[in-house]
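These notes concern the structure reproduced below.
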Amino acid sequence: MPQQPDSSLRLDQMYTQAFQEHWDLSVFTDYGGGTYTFGEVAERIESLKQLMTEAGIQPGDKVALYARNSTNWAITFFAIMAHGAVIVPILPDFTPENVHNILEHSESAMLFAEDSLYSKLDHSKLGNIRLIISTDDFRVLDDASNVAKNFDFSQTVSVHRNDFRFPKRDDEDLLILSYTSGSTGFSKGVMIPVRSIESNIIYAREHMPLKAGDRIVSFLPMAHLFGLAFEILFPVSLGCHITIVTKVPSPQILLNALGEVKPHLILMVPLVIEKVYKKRIVPSLKKPAIKTLLAIPGIRGLIFKKTRDKIVENFGGNFHEVVIGGAALSPEAESFFRKIKFPFTVGYGMTECGPLISYAPSDATKKGSSGKLVDRMEVRIDSKNPYKKVGEIQVKGRNVMLGYYKNVEANAAAFTEDGWLKTGDLGIIDKEDFIYIKGRDKNMLLGPSGQNIYPEALEARLANFPLVQECVIVQRENRLVGLVHPDMEALGNNNLQTEQLEELAEQTRKEFNEAVASYEKLSHIELTDEEFEKTPKKNIRRFLYG
1 MPQQPDSSLR LDQMYTQAFQ EHWDLSVFTD YGGGTYTFGE VAERIESLKQ
51 LMTEAGIQPG DKVALYARNS TNWAITFFAI MAHGAVIVPI LPDFTPENVH
101 NILEHSESAM LFAEDSLYSK LDHSKLGNIR LIISTDDFRV LDDASNVAKN
151 FDFSQTVSVH RNDFRFPKRD DEDLLILSYT SGSTGFSKGV MIPVRSIESN
201 IIYAREHMPL KAGDRIVSFL PMAHLFGLAF EILFPVSLGC HITIVTKVPS
251 PQILLNALGE VKPHLILMVP LVIEKVYKKR IVPSLKKPAI KTLLAIPGIR
301 GLIFKKTRDK IVENFGGNFH EVVIGGAALS PEAESFFRKI KFPFTVGYGM
351 TECGPLISYA PSDATKKGSS GKLVDRMEVR IDSKNPYKKV GEIQVKGRNV
401 MLGYYKNVEA NAAAFTEDGW LKTGDLGIID KEDFIYIKGR DKNMLLGPSG
451 QNIYPEALEA RLANFPLVQE CVIVQRENRL VGLVHPDMEA LGNNNLQTEQ
501 LEELAEQTRK EFNEAVASYE KLSHIELTDE EFEKTPKKNI RRFLYG
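Residue 171 in the UniProt record's numbering is what sits at position 171 of the sequence shown, and the numbering runs on without skipping anything.
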């Protein structure tokens, strides 16, 4: 069971306490690189605070952070926070044009940027930025206002552990201005207040299995709220040691890192664990000898245990649970992991809630759910019978954003007249406030007799077939069509002829149709040569294929 930390602390008190109490303990390690203690990070924070003061950055000013995951990213984030400014994290996958728009729209006064990303920007389109600092080594990249002429990051500022503090901020103060990637390509600035992050971190400290000194591997995008909140902010508040994977992790790099670090908690998106299921587990279970043995009850249990033990070992062998978020987990994968008693749970959230809406520990979750509504939040379903009839999931509470920055139209669309946030997700709840998500409101299709069709659920089922690397289900002339980019690696033959692929597609379609309702059947599968275009969060831009 997790240690019960003091939940009465404010956000600033949590981090002041974490740094002071764990001063000499390791907090960040770049995977394959250097390690930093809380005290060393505090000295770097003080140096950057001094620089921001010299640059005229006031509490409440916007400071943008445009870099890939690294210890320096985390140091910069905490420095901006400790200075009382607003952090504007920018996903490294955003296009230069989008970055230019974000810098101008956010009115950022200062930019921390990775050299390789900064070099792609048009330096004449950086808005009102008056100082640009490299996150590679904290040297000055551009100082148009000549405010940092005496800054030398190598000359660290000495600070005593008892003097190092984070400033108190009001609950409603803007802390993070997070620009969503958006499946339509339009970025909105989500205003995350202090209370939202504080509420998320308090909940995690009370319910998630971590304690001081535990280890975490950070590989989700730090500029996205899921990775930021639960791989950085939450573990730092407890005094944990975080190993940061600084490159976009291939499955093998990730497994290597997990094997070496042996983390106590793992955060994952469904894509990763579904690949493990589809490419490592399914092929072995389909071997004739294994299929025969699985039919024998006593032997089946032994095979399941061996499979579970192997996955646990591959993930480091030391974790309490795997928390899956960011998208739905396929029903087939979930069912299998439950059968073998693998310790996982599925959570639900969105940037606009900083990000958590629901979660349940792996030993208390329910099949098909995305967890239970978290503390300090309320949920309702916009339907006459929220326990049975699907409707939009709406929430309110301390986790909810202030609104969208300088976007009156989007704010009007995001909230109901009585103040509930419209998530845009469709689902039901049960009497214990467990949430069951069916799909996105804007993606829902209508069947021939008006039946609701949730393409995401069908895509999750279709993606488990060997043919499919990724897919989108669309409606054409009232018929469902599966757009499929083939998984040539899984098929084990890169020289398959078009005819053979078409035969596989038809076989896949028939098997798929046997498992779904009549109004969910595919009329045909259309193969695509190219992967689907995606957002920086790796969600498919569905509107391009409808």
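Built from N, CA and C at the ideal position, the CB exists for glycine as well.
None of the values given here were measured: they were computed from a predicted structure.
In terms of Cβ geometry, residue 434 and residue 369 form a close pair [threshold 8 Å]. In the displayed model, residue 308 falls within a helix according to three-state DSSP.
Contact between residue 427 and residue 381 holds: their C-beta atoms lie close to 7 Å from each other, under 8 Å. For residue 485, the enclosing beta strand (DSSP E) begins and ends at 479 to 486. For residue 471, DSSP records a beta bridge to 484.
In this structure, the CA atom of residue 175 is about 27 Å from the CA atom of residue 360. Closest in C-alpha terms to residue 24, from the list 278, 218, 256 and 40, comes 40. For residue 268, the enclosing beta strand (DSSP E) begins and ends at 266 to 268. Between the region 484 to 503 and the region 38 to 55 there are fewer than three C-beta pairs closer than 8 Å, too few to call the two in contact. Assignment of beta-bridge partners to residue 429 by DSSP yields 435.
Less than 8 Å divides the Cβ of residue 455 from the Cβ of residue 473. With a 10 Å radius around the Cβ and a threshold of 16 neighbouring Cβ atoms, residue 123 comes out exposed. Here DSSP, grouped into helix, strand and coil, assigns residue 100 to helix. In the three-state DSSP reduction, residue 227 falls in the helix class (H, G or I). The DSSP-derived three-state label of residue 31 is coil. Just so you know, the alpha carbons of residue 511 and residue 519 end up roughly 15 Å apart. Residue environment: residue 163 is assigned as exposed (fewer than 16 neighbouring CB atoms within 10 Å of its CB, all protein chains considered).
Between residue 18 and residue 237, the CB-CB gap stays under 8 Å. For the pair residue 358 and residue 372, the Cα-to-Cα distance works out to about 5 Å. For residue 396, the secondary structure class from DSSP, reduced to helix, strand or coil, is strand. Below 8 Å, too few C-beta pairs join the region 311 to 328 and the region 146 to 165 to call them touching: fewer than three.
Relative to the Cα of residue 268, the nearest Cα in the group 504, 216 and 407 belongs to 216. In its chain, beyond the 5 residues on either side, 321, 322, 323, 324, 359, 360, 361, 362, 365 and 371 have a beta carbon closer than 8 Å to the beta carbon of residue 345. By the criterion of a C-beta distance shorter than 7 Å, residue 416 is surrounded in its chain by 394 and 422, once the five residues flanking it on both sides are discounted. With respect to the C-alpha of residue 247, the residue from 528, 68 and 425 having the closest C-alpha is 68.
In the three-state reduction of the DSSP assignment, residue 81 falls in the helix class.
Residue pairing by DSSP places residue 157 in no beta bridge whatsoever. Rounded to whole angstroms, the gap between the alpha carbons of residue 203 and residue 398 is 11 Å.
For the beta strand (DSSP E) assignment, the uninterrupted runs of no fewer than 3 residues enclosed by the region 253 to 296 are, from N- to C-terminal side, 266 to 268. Separation of residue 331 and residue 290 (C-alpha to C-alpha, rounded to the nearest whole angstrom) is 22 Å. DSSP places residue 205 inside the alpha helix (DSSP H), whose first and last residues are 194 to 207.
Assigned with DSSP and collapsed to three states, residue 352 falls in helix.
Taking 8 Å as the cut-off, the beta carbon of residue 234 is found closer than this to the beta carbon of residue 201.
For residue 135 and residue 232, the gap between their C-alpha atoms comes out near 17 Å. Residue pairing by DSSP puts residue 189 in a beta bridge opposite 179. Each residue's CA atom was taken as its position, placing residue 263 and residue 533 some 33 Å apart.
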